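This report concerns only the one structure given below.
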Amino acid sequence: SQQGCDPFAQTQRSKLQHRRARINQQINKEMRMRAGAENLFRATSNHKVKETVALELSYVNSNLQLLKEELEELNSSVDVYQNDSESISVPMIPLGLKETKELDLLVPLKDFISEHYGEEGVLFEKEIKEFMELRQAMRTPSRNEAGLELLMEYYNQLYFFDNRFFLPNKSLGVFFHWYDSLTGVPSHQRALAFEKGSVLFNIGALHTQIGARQDRASLPGLNQAIDAFQEAAGAFNYLKENFSNAPSLDMSAASLNMLVRLMVAQVQECVFEKMTLLSAQHDFLARLQLAQEAARVTDVYSLVHQTMTQAHVKDYVPFSWTTMVHVKSEHFKALSHYFAAIALCDCPVASDAELPEQEKAFIQFHVTMPEGPSLRLLLQDAEERRKLGKAHLKKAIMKHEEAMRIHGLCKILRKMDILQEVLSFAHKRSLSKYSEIDHEEDFFETGDAPDIHPKTHQKPEIKSPNFSQVKVTDIFHRLGPLSVFSAKNKWYPARRVHLMRGENGFGFTLRGDSPVLIAGVIPGGCAAEAGLKEGDYIISVNGKDCKWSKHAEVVQLLKSTGEEGVEIIVITLQGSEGPKAADKKATAMSSGTGLLKSNKENSRKSLMNSKSASTLLVWSKKSKRSKKSTYGIPFSSVGDNEAMY
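UniProt numbering numbers the first residue of the sequence shown as 1 and each following residue consecutively.
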């Protein structure tokens, strides 16, 4: 069976997750105390009591504030999630996983199985325990492909779980408890959608951790990081589009929108790093391209910063994240000007042959045209290039200083040496370039360099989760095919029938597989006398369970009976009994609506009204497999897939 990683293996990350869990519990306790105190405050008219309670409330509120700050510090421990390589990469922002409480499903599921399915709940303890073990394991997924598969497996299993045990108007009576990823505030709901959504959130969060730990100094590491952040964006986006009214803030539309944008920005930053690795050192066009890539990174981080500072998101996002995003938008702005200067000052002046291509690239390079000579003259005149390069460096230095100033405002970021190093290295590099091209006899006033036009050679993709990559078998498949044995179908108690074979056989027509359906009963025949009806499903023959049996297997079992006849057990779905209903069903089937269709339809609806085709495929597989026969033929005629016995 699947295992989560050992939460007690004391890695830095699991220590972090433990501290998160501890803070979550304390926040939970303080919130309960606050609720109690608030109720008392409202209920009492005694002035003295009111004063005491007000004091208690302010104490609890300040405790909560401290706990939230402690949690914020944990959420900002991005360095724990980074890789251990020697080279310096700018840290990325990963998300901590949502924590959940253990869930005991033994009694509720046993009760449901005996009440609804008419089976002995006790006989399904093994399946119930297997489901609970899977849920337990997915609370601590390992930070790799196996961890993702574990979360996906549980998520896919929830599809079956939903269809087997959840009715739209009635709950199982269990609560799903999850803690907010960023504030630690607990929420609980009876709706399975909250469980599904929280698992999906963790799939996204785990991708962010995998992305943050890649060694981005190498091409394979960068590609893996790009992939991980794109998958994270896809998971958060899917959550935003398919789930609404989440009880916790981290899953609100505003938060998810912010997280999708943050992931897209981190992808864009990796694309810039990739271009840095791949581009030729002294090639003019390659340097221009880098400057434009950096300008693009600035753009996306500015958008994230705007999103993070909106009213309903601002108080919720860790200050260190908002600061880091702001720092990056300034830092990459500085880099775009730096690479523009390098293109102009370090690359050889254009030859006549190179001129047309360079001119074409340079026309679209700046947001507004730089003042001064024509582009053609500028590109071929080293002195003019130096002047414009110097203007770009002046701007770069201003932006470096701004990035360092903002960084200094956040005490959590000040402790992060990596970021500090990256910023000061870039600043020094621009300064030394400036002093290298600055001539003592420069009397011209350094102009204001226009900004660089953002452009990328690899647009980030938002990759929707591909649920079908992890195949699962319904843990509760012994209950029978979902097309019949689901929470929303009701059937009459099973009937045990003793059937003899007459001269003309049993006197019924059968159709379909798993379970086989009695499609017609011949008046006056053996089947009619034994009390079998059109629309009955055969679920057992001579003590052998036939819920999943194929047509031919059931026929074989029936044919092998001797003089003494055969014991069969049948069930009838409520609402489908009698010849009238059977006829209606036949026409319904041929007109493309009816039982199977509506089953699939419902299974789609239960998919949180999902719009994603890929999930639908996975999720209607089971019901497809359960009946291969086509229902196009009215019951009176005997078709290929329907035979008289």
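Glycine is no exception: its CB is placed at the ideal position from the N, C-alpha and C atoms.
All values reported here derive from a predicted model rather than from experimental measurement.
For residue j and residue i, the rounded distance between their alpha carbons
i           : j           : result
residue 205 : residue 257 : 14 Å
residue 436 : residue 430 : 10 Å
residue 377 : residue 226 : 40 Å
residue 385 : residue 352 : 16 Å
residue 95  : residue 433 : 38 Å
residue 283 : residue 341 : 13 Å
residue 175 : residue 56  : 30 Å
residue 231 : residue 114 : 41 Å
residue 20  : residue 183 : 10 Å
residue 38  : residue 100 : 26 Å
residue 571 : residue 492 : 6 Å
residue 244 : residue 30  : 28 Å
residue 187 : residue 364 : 51 Å
residue 296 : residue 216 : 19 Å
residue 293 : residue 272 : 6 Å
residue 304 : residue 239 : 19 Å
residue 287 : residue 419 : 24 Å
residue 322 : residue 413 : 11 Å
residue 477 : residue 551 : 19 Å
residue 34  : residue 415 : 33 Å
residue 427 : residue 266 : 22 Å
residue 454 : residue 263 : 18 Å
residue 393 : residue 367 : 17 Å
Residue closest to residue i, alpha-carbon to alpha-carbon, out of the options
i           : options               : result
residue 554 : 539, 562 and 565      : 539
residue 255 : 447, 534 and 308      : 308
residue 509 : 92, 533 and 417       : 533
residue 489 : 18, 381 and 575       : 575
residue 500 : 559, 523 and 511      : 559
residue 648 : 212, 155, 525 and 520 : This structure cannot settle anything about residue 648, because the visible part of the chain is limited to 1 through 645.
residue 324 : 151, 314, 301 and 439 : 301
residue 543 : 529, 523, 569 and 524 : 569
residue 285 : 354, 260 and 338      : 354
residue 470 : 289, 97, 150 and 132  : 150
DSSP three-state assignment for residue i, whether helix, strand or coil
i           : result
residue 548 : coil
residue 355 : helix
residue 474 : coil
residue 567 : strand
residue 505 : strand
residue 492 : coil
residue 52  : helix
residue 305 : helix
residue 165 : helix
residue 572 : strand
residue 204 : helix
residue 175 : coil
residue 462 : coil
residue 170 : strand
residue 189 : strand
residue 540 : strand
residue 510 : strand
residue 323 : helix
residue 519 : strand
residue 297 : helix
Sequence-distant residues of the same chain with beta carbon closer than 8 Å to residue i, five excluded per side
i           : result
residue 531 : 495 and 497
residue 219 : 274, 277 and 278
residue 125 : 106 and 110
residue 423 : 327, 331, 400, 403, 404 and 407
residue 380 : 349, 350 and 355
Contact set for residue i: own chain, Cβ-Cβ below 7 Å, skip 5 residues either direction
i           : result
residue 330 : 399, 402, 403 and 406
residue 86  : With a pLDDT of only 44 at residue 86, under the threshold of 50, the placement of this residue in the model should not be trusted, and no figure is reported.
residue 312 : 254
residue 45  : none
residue 247 : 187, 189 and 194
Integer-rounded CB distance, given that residue j should sit under 8 Å from residue i
i           : j           : result
residue 484 : residue 515 : 6 Å
residue 482 : residue 163 : 6 Å
residue 138 : residue 197 : The pair is not a contact, with the Cβ atoms about 14 Å apart (cut-off 8 Å).
residue 222 : residue 270 : 5 Å
residue 475 : residue 127 : 5 Å
residue 449 : residue 348 : Between residue 348 and residue 449 the Cβ distance is about 21 Å, and since that is not below 8 Å, they are no contact.
residue 134 : residue 153 : 7 Å
residue 462 : residue 228 : Not confirmed; about 13 Å, so no contact.
residue 93  : residue 148 : With a Cβ gap of about 19 Å, residue 93 and residue 148 do not count as contacting.
Contact set for residue i: own chain, Cβ-Cβ below 6 Å, skip 5 residues either direction
i           : result
residue 373 : 384
residue 548 : 514
residue 375 : 359 and 362
Check: residue i C-beta below 8 Å from any heavy atom of the ligand PLP
i           : result
residue 128 : Looking for the ligand PLP in the displayed structure turns up nothing, as the structure carries no ligands at all.
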